[in-house]
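Protein chains in written order, with this note's numbering: chain A, 1 to 182; chain B, 1001 to 1278.
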């Protein structure tokens, strides 16, 4: 982590917002490293969960919200389950993702939020997931057209990916839930 | 015994064999399932990544439908189970957020029913002894590692399942079926399922490790209770079949419905070697 020169103080406005949105007290972290030691994907992150918590404490908002970490986190909940200070770090990651999207910040992991957005757009339209529609949208938009295509065809042949979408009857209720959730 | 049932989207698509085997096994065990009418997607990982209110309200609509049935709700998909339990906890314990969710969905949470995974129903409510007494075809010689994954066991205060570091229900169930569950240290390690399509390279690394550790433990196959784990584990390797625990339960109970052909890695050669299927 590169910290710029100047005073670094624990207790930034950013920390306050992250705490409020995640419902967690992130300044309780004393960096025992247990979260990062158990994180299955820390090896692929820019910083790893405990350094990310330190950066939140220091108020390094842009670095945190633009990190690959928030999108690479697999939401496996191992970190929060083991945290001696009972910080549910997966909830912190959720809050950071939501803030990053709201602020329109760039990420090199653009395909992860793209996938989530497309997933939810289908649920909004149908009330349920439809894998064939999701893949039809995600593959070209992610610019990752060809990976896993043979596997997808195999699943279609096995009847595991229905080609026709099913819209639930109460889909207007689901659409209302989306509208009211903002 | 009567329960309501929320299959969730995966069980109608990539995990159709989990749905078929769960229904068949529960029927054999004397359980009547009522699928809650017109259920919707729980929002999965995508909703909680992007919008907290949506992530609680989508599963809450299903809780509202289940509440009308007035009996415990069975949820086989570990991811759906996790999201429904998360919404239930907020509705039960957080008056401010809970009220907001009720407003968004347009219902009043009254409770009076529990959300349960079928592993809990079979292992705890029906019980291993009763299950064992109904076994017609013991799974002798089948060496398996139980694989719980993440969402069934974590976070423990939400799912209220078992010891999140060392759950035992799946091991005990496999024993009751006459199979040989093996000890290994990776039963609750993540397979990367939520990154299966967006970062397949990472999922592949995690799956490769799990399968090699399963082999090291002496396993012929892995057993799971999560449709996201099962599809991710069978997509990213070619050697080891991944069973749903309900499929093996069905096999041991003498149910002859054939869901094996749905697998990406055909488990029939393994079962045939042991004389467990034709």
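Cβ atoms here follow ideal geometry from the backbone N, Cα and C, with glycine treated the same way.
Contacts around residue i, its chain only, beta-carbon distance under 6 Å, and the 5 residues preceding and following it disregarded
i: residue 1081 of chain B; result: 1075, 1117
i: residue 1193 of chain B; result: 1228, 1229, 1232
i: residue 43 of chain A; result: none
i: residue 88 of chain A; result: 24, 80
i: residue 1045 of chain B; result: 1194
i: residue 1055 of chain B; result: 1043, 1047, 1048
i: residue 1132 of chain B; result: 1176
i: residue 2 of chain A; result: Summary for residue 2 of chain A: the model assigns pLDDT 46, below 50, so the residue's position carries little reliability; its value from the coordinates is reported in the next sentence. Result list for residue 2 of chain A: empty, nothing under 6 Å.
Minimum C-alpha distance to residue i - residue among the options
i: residue 83 of chain A; options: A:135, A:37, A:153, A:100; result: A:37
i: residue 1002 of chain B; options: B:1008, B:1020, B:1042, B:1036; result: B:1036
i: residue 39 of chain A; options: A:19, A:56, A:62, A:93; result: A:93
i: residue 1174 of chain B; options: B:1195, B:1072, B:1224, B:1199; result: B:1224
i: residue 1268 of chain B; options: B:1186, B:1240, B:1253; result: B:1240
i: residue 111 of chain A; options: A:137, A:133, A:51; result: A:137
i: residue 1208 of chain B; options: B:1166, B:1234, B:1009; result: B:1234
i: residue 1149 of chain B; options: B:1010, B:1140, B:1167; result: B:1167
i: residue 1142 of chain B; options: B:1278, B:1004, B:1007, B:1274; result: B:1274
i: residue 1162 of chain B; options: B:1129, B:1138, B:1218, B:1119; result: B:1119
i: residue 29 of chain A; options: A:17, A:57, A:116; result: A:57
i: residue 1257 of chain B; options: B:1020, B:1012, B:1215; result: B:1020
i: residue 1005 of chain B; options: B:1114, B:1218, B:1219, B:1203; result: B:1114
i: residue 148 of chain A; options: B:1153, B:1211, B:1220, B:1203; result: B:1203
i: residue 1153 of chain B; options: B:1077, B:1073, B:1028; result: B:1077
i: residue 1024 of chain B; options: B:1266, B:1270, B:1259, B:1264; result: B:1259
i: residue 1112 of chain B; options: B:1255, B:1070, B:1216; result: B:1070
i: residue 76 of chain A; options: B:1068, B:1109, B:1151; result: B:1151
i: residue 1129 of chain B; options: B:1029, B:1101, B:1102, B:1242; result: B:1029
i: residue 67 of chain A; options: A:50, A:78, A:46, A:59; result: A:46
i: residue 1210 of chain B; options: B:1010, B:1200, B:1236; result: B:1236
Beta strand (DSSP E) segment containing residue i, residue limits
i: residue 84 of chain A; result: Per DSSP, residue 84 of chain A belongs to no beta strand (DSSP E) and is neither H nor E.
i: residue 1244 of chain B; result: 1242-1244
i: residue 1004 of chain B; result: 1002-1005
i: residue 1033 of chain B; result: 1032-1035
Helix, strand or coil at residue i [DSSP, three-state]
i: residue 1013 of chain B; result: coil
i: residue 1144 of chain B; result: strand
i: residue 1224 of chain B; result: strand
i: residue 1068 of chain B; result: helix
i: residue 1074 of chain B; result: strand
i: residue 1162 of chain B; result: coil
i: residue 123 of chain A; result: helix
i: residue 1153 of chain B; result: coil
i: residue 1180 of chain B; result: strand
i: residue 1207 of chain B; result: helix
i: residue 1115 of chain B; result: strand
i: residue 74 of chain A; result: coil
i: residue 67 of chain A; result: coil
i: residue 1276 of chain B; result: coil
i: residue 1127 of chain B; result: helix
Other residues of its chain near residue i: CB distance less than 8 Å, five sequence neighbours each side excluded
i: residue 101 of chain A; result: 113
Any non-hydrogen atom of the ligand PLP closer than 6 Å to residue i Cβ
i: residue 1236 of chain B; result: Here there are no bound small molecules, and the ligand PLP is not part of this structure.
Residue i burial status per 10 Å Cβ neighbour count (16 or more: buried)
i: residue 143 of chain A; result: exposed
i: residue 104 of chain A; result: exposed
i: residue 1085 of chain B; result: buried
i: residue 35 of chain A; result: buried
i: residue 108 of chain A; result: exposed
i: residue 145 of chain A; result: exposed
i: residue 1140 of chain B; result: exposed
i: residue 11 of chain A; result: exposed
i: residue 1272 of chain B; result: exposed
i: residue 98 of chain A; result: buried
Where the alpha helix (DSSP H) through residue i begins and ends
i: residue 149 of chain A; result: 149-157
i: residue 1195 of chain B; result: Segment: none, residue 1195 of chain B is in no alpha helix (DSSP H) and carries neither H nor E.
i: residue 1046 of chain B; result: 1044-1050
i: residue 1185 of chain B; result: Here residue 1185 of chain B belongs to no alpha helix (DSSP H), and DSSP marks it neither H nor E.
i: residue 50 of chain A; result: 49-58
i: residue 180 of chain A; result: 171-181
i: residue 141 of chain A; result: 131-141
i: residue 1238 of chain B; result: Segment: none, residue 1238 of chain B is in no alpha helix (DSSP H) and carries neither H nor E.
i: residue 37 of chain A; result: 34-38
i: residue 14 of chain A; result: 13-22
Nonlocal neighbours in the same chain, by C-beta distance under 7 Å from residue i, ignoring five residues either side
i: residue 1016 of chain B; result: 1262
i: residue 1146 of chain B; result: 1170, 1171, 1174, 1181, 1187, 1223
i: residue 1040 of chain B; result: 1058, 1061, 1062
i: residue 1156 of chain B; result: 1164
i: residue 63 of chain A; result: 55
i: residue 133 of chain A; result: 122, 165
i: residue 1022 of chain B; result: 1076, 1118, 1246
i: residue 16 of chain A; result: none
i: residue 1206 of chain B; result: 1190, 1191, 1192
i: residue 14 of chain A; result: 56, 59, 61
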